[in-house]
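The numbering of the sequence shown is my numbering, which starts it at 450 and goes up by one.
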Amino acid sequence: MPTLADIVTELESRYDPRWAESWDAVGLVCGDPAAEVRKILFAVDPVAVVAEEALDWGADLVVTHHPLYLRGTTSVAATTSKGRLIHTLIKNDIGLFTAHTNADVADPGVSDALARAVGLTGPLVPLSPAVDDPRRGLGRVGSLPEPVTLAEFAGQAARGLPATAGGLRVAGDPGRAVQRIAVSGGSGDSLLGTARAAGVDVFLTADLRHHPASEFMENSGGPALIDAAHWATEWPWLADAAHQLASASAARGITVETRVSETVTDAWNTTAKCEDLT
Ligand SMILES: [Zn+2]
Numbered sequence: 450m451p452t453l454a455d456i457v458t459e460l461e462s463r464y465d466p467r468w469a470e471s472w473d474a475v476g477l478v479c480g481d482p483a484a485e486v487r488k489i490l491f492a493v494d495p496v497a498v499v500a501e502e503a504l505d506w507g508a509d510l511v512v513t514h515h516p517l518y519l520r521g522t523t524s525v526a527a528t529t530s531k532g533r534l535i536h537t538l539i540k541n542d543i544g545l546f547t548a549h550t551n552a553d554v555a556d557p558g559v560s561d562a563l564a565r566a567v568g569l570t571g572p573l574v575p576l577s578p579a580v581d582d583p584r585r586g587l588g589r590v591g592s593l594p595e596p597v598t599l600a601e602f603a604g605q606a607a608r609g610l611p612a613t614a615g616g617l618r619v620a621g622d623p624g625r626a627v628q629r630i631a632v633s634g635g636s637g638d639s640l641l642g643t644a645r646a647a648g649v650d651v652f653l654t655a656d657l658r659h660h661p662a663s664e665f666m667e668n669s670g671g672p673a674l675i676d677a678a679h680w681a682t683e684w685p686w687l688a689d690a691a692h693q694l695a696s697a698s699a700a701r702g703i704t705v706e707t708r709v710s711e712t713v714t715d716a717w718n719t720t721a722k723c724e725d726l727t
């Protein structure tokens, strides 16, 4: 049976911690490197429901995309939700490992899975290539097999992504023809200019804010925008990461059981239309 150290080595061979942004916090958060690992749960967020799922399933390790302690801490006391989560994990011999911005820029990484989920076919290239290796980078650009309307593509993307309360928000003429698409999992505000320069028809990402989106759309001739739930844009990567880890382990004669959490942990869990509020 592999140890936690073996699994960490395997994960870091795909998601090199050196690729992470300087502000990020990736890698092993808790767990004994010598502990044996048989069952690994993959999830986007290190939150209480995910820890409960790990406990119920008997996981030895949870791999999450988002860090638990991004900004550091001086206490893991169970007086906060994060401290309580750490206590739950350690008391039950469950490790926690994070692959965040190092998974965003990996090849394949978070946006490859997103691109496939929304129906892009053929080769994918980074929207913003890494300086040291242009095969890696933030976001992906790819194409649909044939042009469709923006409305049709938005519908296809909504069906390809896991359902969330807010669904997708679309900015642009629903009838315009689209084929070349850029995607970026998670918050993609910073790539708006890059998407325009790339000459794509649509930029699909998450967490777009009013002013950047409004100013972007005021400058006509650029891509349409699709804003999805943050969790939904990153969730497709979990299955890829789990599959790659299981098959790489199997090739070395090691059996691990992987599972992808289907619990929706997006922050927004319901919506109300204006007329519902009167
Ligand atoms: Zn994210």
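Even for Gly, the Cβ is constructed at its ideal location relative to N, Cα and C.
Tell me the DSSP bridge mates of residue 485? 452
Just mark residue 507 as buried or exposed, buried being the case when its beta carbon has 16 or more other beta carbons within 10 Å. exposed
Fully enclosed by the segment 687-715, which beta strand (DSSP E) runs are 3 residues long or longer? 706-709
Would you mind stating whether residue 517 and residue 554 have Cβ atoms separated by less than 8 Å? no
Taking the continuous alpha helix (DSSP H) assigned at residue 539, which residues delimit it? 530-540
Could you tell me the alpha carbon to alpha carbon distance between residue 500 and residue 549, rounded to whole angstroms? 18 Å
According to DSSP, residue 597 sits in a beta bridge with which residue or residues? 627
Could you round the C-beta distance between residue 472 and residue 551 to whole angstroms and report it? I think they count as a contact, below 8 Å. Wrong, their Cβ atoms sit about 13 Å apart, outside the cutoff.
With the cut-off set at 8 Å, would you say residue 728 and residue 654 are in Cβ contact? Residue 728 lies beyond the range of the chain shown here (450 to 727); nothing can be said about it.
Evaluate the contact criterion for the segment 616-635 versus the segment 665-681: three or more CB pairs, one atom per stretch, below 8 Å. yes
Any idea which residues DSSP pairs residue 577 with across the strands? 587
Counting only runs of 3+ residues fully inside the segment 614-688, write out the beta strand (DSSP E) ranges in chain order. 618-620, 626-636, 651-655 and 673-677
Rounded straight-line distance, which links the Cα of residue 532 to that of residue 698: 32 Å
Can you give the Cα-Cα distance for residue 714 and residue 590, rounded to whole angstroms? 27 Å
Can you tell me which of the three DSSP states residue 558 falls into? coil
Return yes when the C-beta of residue 536 is under 7 Å from any heavy atom of ligand 1, and no when it is not. no
Which whole-angstrom value describes the C-beta separation of residue 544 and residue 480, a residue pair presumed to lie in contact below a C-beta threshold of 8 Å? 2 Å
Buried or exposed: residue 680, going by 16 or more other Cβ atoms within 10 Å of its Cβ? buried
When you measure from the CB of residue 635 to every non-hydrogen atom of ligand 3, does any distance come out below 7 Å? Ligands in the displayed structure: ligand 1; ligand 3 is not one of them.
So, does the segment 634-653 touch the segment 579-599, judging by three or more C-beta pairs under 8 Å? yes
Just verifying my parser: in three-state terms, what is the DSSP assignment at residue 474? coil
Looking at the secondary structure, which residues open and close the beta strand (DSSP E) in which residue 512 lies? 510-513
Pull up the CB-CB distance for residue 474 and residue 519, whole angstroms please, since I reckon it's below 8 Å. 5 Å
Within the same chain, show all residues whose beta-carbon is closer than 8 Å to that of residue 608, passing over the 5 residues directly before and after it, in chain order. none
Do residue 685 and residue 563 count as a contact pair if the criterion is CB distance below 8 Å? yes
Close-in-space but distant-in-sequence residues of the same chain around residue 645 (CB under 6 Å, 5 per side omitted): 671
Close Cβ partners of residue 695 (< 7 Å) along its chain, the five nearest in sequence each way excluded: 705 and 707
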